[in-house]
Amino acid sequence: MVIRNLTAVWILSQTATYDFDDTLAGGLVSIECIIGFLLLSAVIYGCQTLPPLKSPFGLLMLNQNVTQLLACIDSGAFFFFGVLLNSKIVMKNNHVFGFVSVMLLPVILGSFFLMSANRLCASTMVFTYKRIFTKHKIITFIFSIWCFSLVFCAWIFGSRDCKFEFYIYGWFFTGAQYTEKCQDLIVTYNFGVQVTLTSLIMVSDVVTLFVLVCLRNRVYNKQSAAVRRREMSFAGQVLIQGIVFVAHGFWYDMGYAILPGNDDRWKYFFTTSFSSNLLHVFDPIVVFMFNPEFRKWILNFRFLFQKNKVNVTMISPSAAVSSHT
1275 MVIRNLTAVW ILSQTATYDF DDTLAGGLVS IECIIGFLLL SAVIYGCQTL PPLKSPFGLL
1335 MLNQNVTQLL ACIDSGAFFF FGVLLNSKIV MKNNHVFGFV SVMLLPVILG SFFLMSANRL
1395 CASTMVFTYK RIFTKHKIIT FIFSIWCFSL VFCAWIFGSR DCKFEFYIYG WFFTGAQYTE
1455 KCQDLIVTYN FGVQVTLTSL IMVSDVVTLF VLVCLRNRVY NKQSAAVRRR EMSFAGQVLI
1515 QGIVFVAHGF WYDMGYAILP GNDDRWKYFF TTSFSSNLLH VFDPIVVFMF NPEFRKWILN
1575 FRFLFQKNKV NVTMISPSAA VSSHT
C-alpha cells in the first residue's frame, strides 16, 4: 500500500495555478459521469419496468444503481463546474461534495453486499430464500444501511470536525491533513467499513460461484432451464462487479507504484478520481451484458427508433407536397 504524502500534496495544491491540465482532468471525469449518468438511468428505468427485475434482486439492484447515480451526479457536478469551469464557489465548498461522496460509499458497498448475500441465499437456501428476502425485509435492510451511513458520517464530519477535501494537485478527494483528532476515525472508516464489507462481498461471491459451478444440478434440479439461466446470469453479474470493485480497491491503494512516469499529479488522478468514476460506466455495462432482458429491451428500443426514422423519411415528401397545395 502506498501512503500518499498529503502534507506535500496540500502544500503543492496551495501554490498551484489553473492551467490546461486542470481543464483536461475536469473534462475526463465529466465525460465519464455523463456516460455513467445515461447508463445508470437506463438500468434504473429497466429495474422498474422489466418483469424479471420486479423481484428481490431487482429491488436491491435498483437501490444500488440509484445510490451510484447520486454519487455520479455529485462527482460529475464538482468536476464539471469546479475543475473544468474553475468555479470559485464550487471549489471553495469542495468539502460538501466530499461529504456526499463519503456518505454514499458505505451505501454502495452495503448494497453490493446485500446483492451478493441475495445470490448466495438463492443458490444455497432455495426453499427459505423467499422468506429471508421479502420486500419488507429488503426495505428494512436498505433503510438501515442509509441510516448507518448518515449517522456515522454526521459524527465524523460534524461532531469531530473532520473533512474530506479536494486537492487540486492530483485532482482527488481525500481526508484533510491527518490530525490526532481524526486519524483514528479515518483508519476505522477505511478498515472497519471498506475492508470488512469488501471482504464479505468476495467471500459471498466465491461461495456462490462454487455452489453454482460444482453443485448446480443438485441445487436447481427442480427448476426450469429459464430459471437456471436467470440465476446464473444474476450470479455472474454480482461476481464480476465484486471482482472489479475489489480490484479497484487494490488499484486505488497500490496503482501509484505501478504507473510509469514522473508526473505525480496524473498518477494520483488515474488511481483515484478517474478510476473511481469509471465504475459508474462499467457497472451498468455489466448489467447489460449479464441480463438478456436488458439486451432485448435495448434492441427493441433501437428497432423502434429506426422504424420511426424510416416513417418520418417516407412521410416528409408527401407532407411537403400537401403544404404547397
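If you use the working numbering, the sequence shown corresponds to residues 1275 to 1599, in order. Positions of the beta carbon are idealized from the N, C-alpha and C atoms, including for glycine.
Buried or exposed for residue i, going by 16 or more other Cβ atoms inside 10 Å?
i	result
glycine 1372	buried
aspartate 1479	buried
isoleucine 1247	Residue 1247 is absent from the model: the chain starts at 1275 and stops at 1599.
tryptophan 1600	Since the first residue of the chain shown is 1275 and the last is 1599, residue 1600 is not available in this structure.
isoleucine 1413	exposed
phenylalanine 1294	exposed
arginine 1539	buried
cysteine 1436	buried
glycine 1444	buried
isoleucine 1475	buried
leucine 1573	exposed
serine 1473	exposed
valine 1283	buried
asparagine 1279	exposed
glycine 1516	buried
isoleucine 1285	exposed
tyrosine 1292	exposed
threonine 1281	exposed
cysteine 1488	exposed
phenylalanine 1484	exposed
Just curious, the beta strand (DSSP E) that residue i is in, first and last residue?
i	result
threonine 1297	That residue, threonine 1297, is in no beta strand (DSSP E); its alpha helix (DSSP H) goes 1294-1323.
Can you give me the Cβ contacts of residue i inside the same chain, cut-off strictly under 8 Å, excluding the 5 residues immediately before and after it?
i	result
methionine 1335	Val1317, Cys1321, Leu1327, Met1389, Val1561
phenylalanine 1438	His1369, Gly1372, Phe1373, Ser1375, Val1376, Phe1431, Phe1447, Thr1448, Gly1449, Ala1450
serine 1507	Phe1564, Asn1565, Pro1566
serine 1550	Ser1349, His1522, Tyr1526
phenylalanine 1352	Val1364, Asn1368, Phe1371, Phe1440
glycine 1535	Lys1541
leucine 1552	Glu1306
cysteine 1346	Cys1307, Gly1310, Phe1311, Leu1314, Asn1551, His1554
Return the bridge partner residues of residue i from the DSSP annotation.
i	result
glutamate 1439	Thr1448
Got a sec, what are the start and stop residues for the alpha helix (DSSP H) residue i sits in?
i	result
serine 1361	Note, serine 1361: premise wrong, no alpha helix (DSSP H); not H, not E.
isoleucine 1416	1409-1428
leucine 1280	1280-1289
lysine 1404	1403-1406
leucine 1533	No alpha helix (DSSP H) contains leucine 1533, which DSSP labels as neither H nor E.
lysine 1541	1538-1545
glutamine 1342	1330-1351
proline 1380	1368-1398
phenylalanine 1270	Not covered by the structure: residue 1270. The range shown for the chain is 1275 to 1599.
phenylalanine 1484	1470-1488
Below 8 Å on the Cβ atoms is my contact criterion, and I expect residue i with residue j to pass it. Report the Cβ-Cβ distance as a whole number of Å.
i	j	result
tyrosine 1526	tyrosine 1542	Their Cβ separation, rounded to whole angstroms, is 11 Å, which puts tyrosine 1526 and tyrosine 1542 out of contact at 8 Å.
glycine 1384	valine 1555	Not really, about 22 Å apart at Cβ, beyond 8 Å.
phenylalanine 1548	valine 1303	7 Å
serine 1287	isoleucine 1442	5 Å
glycine 1601	cysteine 1395	Since the first residue shown for the chain is 1275 and the last is 1599, residue 1601 is missing from the structure and cannot be characterised.
serine 1315	leucine 1343	7 Å
serine 1397	alanine 1509	7 Å
phenylalanine 1417	glutamine 1338	Not really, about 14 Å apart at Cβ, beyond 8 Å.
threonine 1482	arginine 1393	5 Å
Take residue i and list the residues in its own chain whose beta-carbon comes closer than 7 Å to its own, dropping the five residues that flank it on each side.
i	result
phenylalanine 1415	Leu1388
tryptophan 1571	Gly1320, Leu1324
leucine 1578	In this prediction, leucine 1578 scores a pLDDT of 49, lower than 50, which makes its location untrustworthy; no coordinate-derived value is stated.
leucine 1358	Thr1297, Gly1300, Gly1301, Ser1304
aspartate 1332	First, the residue type needs correcting, since residue 1332 is glycine and not aspartate in the sequence shown. Excluding sequence neighbours, glycine 1332 sits near Cys1321.
threonine 1341	Leu1378, Val1381, Ile1382, Ser1385
So, for residue i: in the same chain, excluding its five sequence neighbours on each side, which residues have a beta-carbon less than 6 Å away from its beta-carbon?
i	result
leucine 1313	Pro1558
aspartate 1537	none
serine 1423	Met1377, Pro1380, Val1381
phenylalanine 1634	Beyond the ends of the chain as shown, which are 1275 and 1599, falls residue 1634; an answer cannot be given.
leucine 1533	Lys1541
tyrosine 1403	Cys1395, Ala1396
alanine 1391	Ser1478
threonine 1546	Phe1446
When the cut-off is 8 Å and only beta carbons count, does residue i lie next to chain B?
i	result
leucine 1553	Protein chains in the displayed structure number just one, and chain B is not present.
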